[in-house]
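Contents: one structure, followed by commentary.
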Amino acid sequence: MEKVIIEARVNELATRAGNPHVPFLPAEIIRDAKACYDEGAAIVHYHGRTADGDPDHASAFYLETNAGIRAGSNILIHPTLGYVANDADATGRFAAVEDMMKSADTAPDFAPMDCGSVNVDWWDPQKGTYKTTDLIYKNSTGTLMHFAERIDHHGLKPYLVSWNVSFTRQIHQFLKMGVLKQPAYICFCMTDETIFAGHPGTVAGLDAHTAFLPKDFATVWTVVNYKGDLFQLTDKILREGGHISIGLGDYAYTDGARNLTNAEVIAKVVAQARALGREPASVAETKSILEMPQVRIAA
Ligand code: ZN
12 MEKVIIEARV
22 NELATRAGNP
32 HVPFLPAEII
42 RDAKACYDEG
52 AAIVHYHGRT
62 ADGDPDHASA
72 FYLETNAGIR
82 AGSNILIHPT
92 LGYVANDADA
102 TGRFAAVEDM
112 MKSADTAPDF
122 APMDCGSVNV
132 DWWDPQKGTY
142 KTTDLIYKNS
152 TGTLMHFAER
162 IDHHGLKPYL
172 VSWNVSFTRQ
182 IHQFLKMGVL
192 KQPAYICFCM
202 TDETIFAGHP
212 GTVAGLDAHT
222 AFLPKDFATV
232 WTVVNYKGDL
242 FQLTDKILRE
252 GGHISIGLGD
262 YAYTDGARNL
272 TNAEVIAKVV
282 AQARALGREP
292 ASVAETKSIL
302 EMPQVRIAA
């Protein structure tokens, strides 16, 4: 079976209350990117954070972090656009990427497009109520078309996130329009425990996603379980030809007794994949599977 593309999702907006190994600052993310690469990850995804863990979407954070990751290995770089922490217009949301594209040393390989809008309020399981009541992850069609145009302009690969079937349907329309090119790399974002915007991280939740993959276009799919344990589904994903996106950003993984590091999470995925006959895809193999374009640095 095809080799498996493994992406390390090292921090998202996760706190250190659940797992103290969550990296925040550039040096910590750079260290984890290299450690995950050494274990078999081909892509690293990260969010800019302050020393206290707050979101930091200043370009300087991304320039420093990308340059450090590049210096350490050839792992493919997938930075966030800032999620709900960067609630600007389309140009503002993409501004940090425009800055990253000024040098080959800081250019990423992917930029994300979450292809729809959704309520992303945080649930408090202890109190049985919402902690927030006005968090909307807004991605208008016009905003997404702006992102797609800029991603294509820079020779990056769009990382197409689908939180539910309506997102996958918008991806399909963009493929028909030529706004997106084949093969579409689609990340099915399942959500659990403290956020309910995606499909549940269950067999039925994943089956409902894959049932709506566009059949008339080439697609490659990976799976995230945001705030849930993706290992409940990794066996199924690997057997069905999917790819894996996982890390401490999503869930405070342990081995039952001890908090795992990001690299230990990646090592666990690699061992499971190998046992099922799927070797981890190298960076070159990942580029080939996804037919990644040539990154273009502005002169
Ligand atoms: Zn993210």
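Counted from 1, the sequence shown has number 102 at position 91 by the working numbering; the numbering is strictly sequential. The beta-carbon is built from N, C-alpha and C at its ideal position, and this holds for glycine as well. From a predicted model like this one, the values you see are computed outputs, not experimental measurements.
With 16 other Cβ atoms within 10 Å as the buried cut-off, status of residue i
i, result
"I162", "buried"
"P119", "buried"
"A44", "buried"
"L259", "buried"
"M124", "buried"
"S256", "buried"
"E13", "exposed"
"T179", "buried"
"R269", "exposed"
"R250", "exposed"
"M188", "exposed"
"K149", "exposed"
"V274", "The question names Val, yet the displayed sequence has Ala at residue 274. When all chains shown are included, A274 counts as buried."
"A122", "buried"
"T5", "The structure shown does not extend to residue 5, since the chain is modelled only from 12 to 310, so the question has no answer here."
Cβ of residue i within 7 Å of any chain C Cβ
i, result
"L92", "Note that chain C does not occur in the displayed structure, where there is just one protein chain."
Beta-carbon proximity of residue i to residue j, cut-off 7 Å
i, j, result
"G212", "G239", "yes"
"A208", "V281", "no"
"R307", "H89", "no"
"I41", "G79", "yes"
"T245", "Q184", "no"
"T143", "W133", "yes"
"T117", "L74", "yes"
"Y262", "L271", "no"
"A19", "A52", "yes"
"C47", "I206", "no"
"P34", "N22", "yes"
"H210", "A222", "no"
"V294", "L87", "yes"
"K168", "M303", "yes"
"M112", "N77", "no"
"V108", "P291", "no"
"F228", "L287", "no"
"N175", "M201", "no"
Nearest residue (CA-CA) to residue i, options the options
i, options, result
"L171", "K113, L87, G153, L191", "L191"
"S70", "L241, P31, A106", "A106"
"L146", "R104, V129, F158, E160", "V129"
"S151", "G267, C126, N236", "C126"
"D67", "R104, D218, A286, P31", "R104"
"R289", "K247, E275, E204, P304", "K247"
"R81", "S173, A122, S114", "S114"
"P136", "F121, E39, E204", "E204"
"N85", "Q193, F72, D49, I182", "D49"
"Q243", "P225, A309, K279, L224", "K279"
"Q193", "S299, F72, G216", "S299"
Can at least three beta-carbon pairs, one atom from the region 182-198 and one from the region 230-239, be found at a separation below 8 Å? yes
Ranges of the alpha helix (DSSP H) found wholly within the region 162-190, counting only runs of at least 4: 176-188
Three or more C-beta pairs closer than 8 Å, one from the region 58-74 and one from the region 87-101: is that the case here? Between the region 58-74 and the region 87-101 there are three or more inter-stretch CB-CB distances shorter than 8 Å, so the stretches are counted as touching.
Only counting runs of 3 or more residues, tell me where the beta strand (DSSP E) segments fall wholly within the region 179-252, in order along the chain. 195-202, 230-237
At which residue ranges does the region 87-143 contain complete beta strand (DSSP E) runs of 3 or more residues, listed in the order of the chain? 87-90, 121-125
Mind pulling the alpha helix (DSSP H) runs of 4 or more residues that sit fully within the region 18-61? 37-50
Could you tell me which uninterrupted alpha helix (DSSP H) segments, each at least 4 residues in length, are contained entirely in the region 274-306, listed from first to last along the chain? With a minimum length of 4 residues, the continuous alpha helix (DSSP H) runs that stay inside the region 274-306 are 294-300.
Using the beta-carbon of each residue, find all residues closer than 7 Å to any heavy atom of the ligand SAM and list them in chain order. Summarising the ligand content, the structure contains the ligand ZN and does not contain the ligand SAM.
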